[in-house]
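Listed in order, the protein sequences are those of chains A and L.
When we follow this note's numbering, the leftmost residue of the first sequence carries the number 1, and every step to the right adds one.
When we follow this note's numbering, the leftmost residue of the second sequence carries the number 468, and every step to the right adds one.
Below is one structure; the comments refer to it alone.
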Amino acid sequence: MDEQKPKRHPRQKMPEQHPKVRARNFDEVPLGYDKETARREAERCLQCKKPLCMSGCPVNVKIPEFLKLVKDGDWAGAARKIKETNALPSVCGRVCPQESQCEGQCVLGKKGEPVAIGRLERFCADYERNEKLVRLPEKAKPTGKKVAVVGSGPAGLTVAGDLILLGYEVTIFEALHKPGGVLVYGIPEFRLPKAIVDAEVKYLRDLGVKLALNTVVGRTRGLRELMERDGFDAVFIAVGAGLPHFMRIPGENLCGVFSSNEYLTRANLLRSYLFPIYDTPPPRGRNVAVVGGGNVAMDCVRSALRLGAENAYLVYRRSRTEMPARAEEIHHGEEEGVQFHLLTAPVEVLGDENGWVRGLKCVRMELGEPDESGRRRPMPVKGSEYVLDLDAVVIAIGAAANPLLTSTVPELKLNEKGYIETDERGRTSVPGVYAGGDIVTGQATVILAMGAGRQAALAMHEDLTKK
Amino acid sequence: MTRIIERREVAPNVHRLIVEAPQIAEKVRPGQFVIVMPDEEGERVPISVAEWDAKAGSIVLFFLEVGVSTMKLARKEKGEDLYAVVGPLGRPATIGKFGTVVLGGGCYGIGAITAIAKAMKEAGNRVIAISEGRSRYLLYNQDTLRRFVDECLEATTDGSAGKKGKVQDVLRDFAKREKVDMAYFVGCTFMMMRCAETAKELGIKTLVALNSLMLDGTGMCGVCRVSVGGKTRFACVDGPEFDGHDVDWLELFQRKAIFVRDEVTAYQFHACRALRRHEGGD
Ligand SMILES: Cc1cc2nc3c(=O)[nH]c(=O)nc-3n(C[C@H](O)[C@H](O)[C@H](O)COP(=O)(O)OP(=O)(O)OC[C@H]3O[C@@H](n4cnc5c(N)ncnc54)[C@H](O)[C@@H]3O)c2cc1C
Ligand code: SF4
Ligand code: FES
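This is the structure:
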């Protein structure tokens with residue numbers, strides 16, 4: 001063991017675009033470490049014998065090992081080390097909630113600041129990609145078997161990547177015109193540049209994965225049909241949780257009320273921030289309120305500023321500590337001028353005579369007893385109603401299971417909320433059909449979707465070799 | 468990429484487009500639609516499937532040139548490709564033996580209604596088609612409709628063909644002469660609303676194919692939401708067919724106009740660009 005004393009310098013800062021500037025453009029906010037900063041940050045790692053960070057990582061990235069390679073200047077090697085268990089490090093380095101995963105467990109965090117594991121993960125993956133050091137791994141001998149993946153989000157991409165290497169023929173079916181799932185239609189460019197997702201998809205294509213875009217399974221092609229007519233030996237369903245929740249308060253169908261999915265799909269997938277070069281009109285608003293407290297809500301409210309809002313409000317019914325969004329996003333939003341109305345719940349969307357939003361009636365909340373989620377239940381404070389003057393409202397209070405595909409397969413067992421039931425390895429009630437990601441867990445995280453994909457890929461491989 | 472087999476302007480600003488889409492042609496049922504993107508920058512435009520040929524693997528679409536994306540579609544020629552065509556989407560139309568069925572079509576609906584006409588006839592109904600246009604030269608698709616229906620009636624605002632008036636006026640006359648068991652309207656929102664009102668007065672069960680704004684067409688974004696019978700429904704997955712007497716038409720009008728200003732800007736932007744290119748600019 002290398003007994004060299006770790007360096008005692010502070011956590012290295014991430015260079016970022018200035019808040020005033022970035023709040024008006026869609027370019028990425030953090031600019032990334034350079035080699036020297038990356039090395040200095042990696043030097044802080046204690047190389048623990050029992051690394052707590054790894055236990056906080058849902059896919060057990062070999063964190064101290066990759067940090068050691070960064071320290072030694074072998075950045076591409078570090079990237080490959082991460083990729084042993086995480087296929088999309090350039091994505092995860094940007095969007096994982098590190099503060100509640102690896103960095104939340106890191107021993108250095110007990111007294112001071114944890115190693116910036118996420119930033120280093122991003123650095124390594126970017127370095128490998130930018131320097132064109134990405135190597136196509138050897139594929140196993142062809143098994144002669146075919147696998148269909150339905151949905152091209154992180155769960156689907158992971159399964160495709162794993163099974164193509166194990167020698168399967170893999171085709172991904174995707175309803176939209178671009179692959180990537182939430183990574184392309186939901187998460188904005190300023191947080192995850194689309195060129196990165198494109199590069200990951202290209203990597204899979206280079207490995208031989210086929211993509212059938214504009215194909216809605218359940219409509220264009222039946223699930224059974226994939227197996228019985230098209231000869232797929234197994235199917236992995238990763239269609240995400242893409243059904244928007246509305247609040248069921250009066251005024252939700254007024255013009256200027258958007259679901260977060262519509263708001264973000266316009267901005268990201270359809271690139272309406274580049275309107276009129278792109279034809280889809282952007283969801284404009286001078287005074288915009290976003291309802292919700294998760295990553296989706298933060299993405300919407302920060303997009304609102306970038307689409308030209310003068311006032312962008314975040315309305316959330318609990319307090320800041322309960323906000324499920326990544327800490328960094330909340331912090332960035334604050335710097336950019338997002339106005340937080342916490343402990344506040346919307347009661348009614350108010351409209352004008354033309355059917356357009358003119359305001360949001362809100363009520364202040366206080367926290368009462370903990371509810372089933374363990375968070376303190378917000379209760380309205382009588383007589384505390386007030387009106388926010390607005391011309392757009394975005395509802396970002398979560399998503400549900402879309403029944404489009406599942407309703408066409410009655411044999412597929414669902415839970416009472418419509419999510420697919422699986423065993424811990426992704427097997428559904430239908431032989432040969434597997435599922436993972438948000439369509440099993442409900443809206444979760446990129447890394448959990450990828451973890452589920454990896455488990456399912458292993459189970460599929462096991463089951464298909466047995467046959 | 469989807470190959471264009473034919474595109475023809477069948478009436479001023481109305482185009483009939485045949486594209487190669489074998490998977491869709493095999494699956495599509497009357498009343499369903501597809502979403503079309505002319506190019507990568509284009510909008511996702513929902514268009515009803517009017518006819519199809521499963522053997523040849525082709526589908527027929529009618530569209531009105533109203534905005535940038537349909538302008539781009541209208542400039543495409545045989546042999547060129549569309550960036551994306553996805554479908555079939557939406558629930559199939561309610562087809563059954565009702566007795567006498569009146570179908571009303573306006574603008575793109577004169578073409579789109581073909582699928583329903585054919586299916587209603589095959590189901591054993593007496594089928595009457597009524598088409599409307601401002602003037603005779605705006606009526607099209609009549610020869611095709613005539614092949615499937617028992618009577619093909621027309622209405623024009625200027626009286627140059629058929630009855631002077633609208634679909635609802637022809638419907639009113641017809642209902643005096645024969646009992647109508649079901650009415651089905653496809654076309655612009657205003658026309659469908661007016662027709663549904665008249666049918667209600669006459670006590671005729673009415674179905675309409677709504678054309679709200681859409682993005683994904685799979686229930687993901689909610690822009691297509693409409694109020695029907697006091698409930699919010701997503702037109703792309705719960706519809707496009709709804710009971711015409713239950714639709715909140717005012718809300719639908721308002722929601723369809725959400726992006727009108729930008730749509731005009733985009734049209735002008737692209738028209739200018741096209742002109743400049745034509746003149747040897749950029
Ligand atoms: C705005 C937003 C921000 C987020 N931010 C973060 C974050 O910072 N960090 C984080 O860890 N997580 C974040 N999440 C959550 C994370 O993105 C999801 O948990 C993850 O993407 C789920 O992956 P998935 O593969 O299960 O599904 P998805 O990514 O949802 O992909 C599903 C794909 O399936 C396609 N599909 C659906 N139905 C069909 C069908 N019938 N036929 C064919 N294709 C179909 C869809 O079009 C889609 O492309 C965010 C989510 C959103 C919406
Ligand atoms: S817990 Fe922190 S210090 Fe220990 S190995 Fe992991 S990153 Fe390094
Ligand atoms: S078009 Fe998006 S939900 Fe209907």
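From the three backbone atoms N, C-alpha and C, an ideal C-beta is built for every residue, glycine too.
Computed from a predicted model, the values in this text were never measured in an experiment.
>> Short of 9 Å Cβ to Cβ, which residues in the stretch 677 to 694 of chain L face chain A?
In response: Leu682, Asp683, Gly684, Thr685, Gly686, Met687, Cys688, Gly689, Val690, Arg692, Val693 and Ser694
> Helix, strand or coil for Asp2 (chain A) per DSSP?
Replying inline: Per-residue confidence for Asp2 (chain A) stands at a pLDDT of 47, beneath the threshold of 50, marking its modelled position as unreliable; no derived number is given.
> Considering only C-alpha positions, which residue in the set A:Ser100, A:Glu335, A:Tyr386 and A:Ser259 is nearest to Arg24 (chain A)?
Replying inline: A:Glu335
> According to DSSP, is Lys466 (chain A) helix, strand or coil?
Replying inline: helix
>> Is it the case that the stretch 682 to 693 of chain L contacts the stretch 230 to 248 of chain A, given that we only count it when at least three CB pairs across the two stretches are under 8 Å?
In response: yes
> Sorry if obvious, but does the Cβ on Thr685 (chain L) come closer than 8 Å to a heavy atom of ligand 3?
Replying inline: yes
> Taking the alpha-carbon positions, what's the Ala125 (chain A) to Val91 (chain A) distance?
Replying inline: 9 Å
>> Rounding to the nearest angstrom, what Cα-Cα distance links Phe123 (chain A) and Ala78 (chain A) in this structure?
In response: 10 Å
> If you draw a straight line from the alpha carbon of Lys49 (chain A) to that of Arg119 (chain A), how long is it in whole angstroms?
Replying inline: 22 Å
>> Does Asp749 (chain L) come out as helix, strand or coil in the three-state DSSP assignment?
In response: Note on Asp749 (chain L): pLDDT 45, under 50, position unreliable in the model; no value is reported.
>> My assumption, with CB atoms under 8 Å, is that Lys633 (chain L) sits in contact with Arg661 (chain L). Please give the rounded CB distance.
In response: 7 Å
> Does the stretch 576 to 586 of chain L come within contact of the stretch 512 to 526 of chain L, defined as at least 3 CB pairs closer than 8 Å?
Replying inline: yes
>> Rounded to the nearest angstrom, what separates Leu183 (chain A) and Pro154 (chain A) at their Cα positions?
In response: 8 Å
> Within the 9 Å Cβ cut-off, does Pro474 (chain A) reach chain L?
Replying inline: For chain A, the structure presents residues 1 to 467; residue 474 (chain A) sits outside this window and is missing.
>> Taking 9 Å as the threshold (C-beta atoms), are Leu669 (chain L) and Leu719 (chain L) in contact?
In response: no
> Is any heavy atom in ligand 1 found nearer than 8 Å to the beta carbon of Val296 (chain A)?
Replying inline: yes
> Taking just the CA atoms, how far does Gly293 (chain A) sit from Arg375 (chain A)?
Replying inline: 13 Å
>> DSSP has Ile395 (chain A) in a bridge; who is on the other side?
In response: A:Ser259 and A:Val291
> If the cut is a Cβ gap below 9 Å, which residues of chain L does Tyr216 (chain A) touch?
Replying inline: According to the sequence shown, residue 216 (chain A) is Val rather than Tyr. The contacting residues are Val553, Gly554, Pro555, Leu556, Gly684 and Thr685.
>> Please list the terminal residues of the continuous alpha helix (DSSP H) segment that includes Ala478 (chain L).
In response: From DSSP, Ala478 (chain L) is part of no alpha helix (DSSP H) but of the beta strand (DSSP E) over Thr469 to Ala478.
> Is any beta-carbon of chain B found at less than 9 Å from that of Val527 (chain L)?
Replying inline: Protein chains A and L are contained in the structure displayed, whereas chain B is not.
> Taking the Cβ atom as the reference point for each residue, do Met323 (chain A) and Thr344 (chain A) lie within a distance shorter than 9 Å?
Replying inline: no
> Are there 16 or more other CB atoms within 10 angstroms of the CB of Lys13 (chain A), so buried, or fewer, so exposed?
Replying inline: exposed
> Pro97 (chain A) and Thr445 (chain A): beta carbons closer than 9 Å?
Replying inline: yes
> Nearest-angstrom Cα distance between Asp2 (chain A) and Lys141 (chain A)?
Replying inline: Low per-residue confidence applies at Asp2 (chain A): pLDDT is 47, beneath 50, and the placement is therefore not dependable, though the value from the model is reported in the following sentence. Cα to Cα, the separation comes out at about 39 Å.
>> Between A:Thr422, A:Cys362 and A:Gly218, which has its C-alpha nearest Val393 (chain A)'s C-alpha?
In response: A:Cys362
>> Let's test the definition: count the other Cβ atoms within 10 Å of the Cβ of Gln101 (chain A) and tell me whether it reaches 16, buried, or not, exposed.
In response: buried
> So, does the CB of Thr37 (chain A) fall closer than 9 Å to a CB anywhere in chain L?
Replying inline: no
> Who are Asp412 (chain L)'s beta bridge partners in DSSP?
Replying inline: The first residue shown for chain L is 468 and the last is 749, placing residue 412 (chain L) beyond what the model contains.
>> Taking 9 Å as the threshold (beta carbon to beta carbon), is Val535 (chain L) in contact with chain A?
In response: yes
> Taking the runs of the alpha helix (DSSP H) that are 4 residues or longer, which of them lie wholly in the stretch 379 to 425 of chain A?
Replying inline: 403 to 406
> Using the C-alpha atoms, what's the distance from Gly398 (chain A) back to Val477 (chain L)?
Replying inline: 46 Å
> Closer than 8 Å: is that where the CB of Cys255 (chain A) sits relative to any heavy atom of ligand 3?
Replying inline: no
> Under the rule that 16 or more other beta-carbon atoms within 10 Å means buried, what is His332 (chain A), buried or exposed?
Replying inline: buried
>> Counting C-beta neighbours from all protein chains within 10 Å, is the total for Phe657 (chain L) 16 or more, i.e. buried, or is it exposed?
In response: exposed
> In terms of alpha-carbon separation, which member of A:Glu189, A:Val291 and A:Glu421 lies closest to Ile237 (chain A)?
Replying inline: A:Glu421
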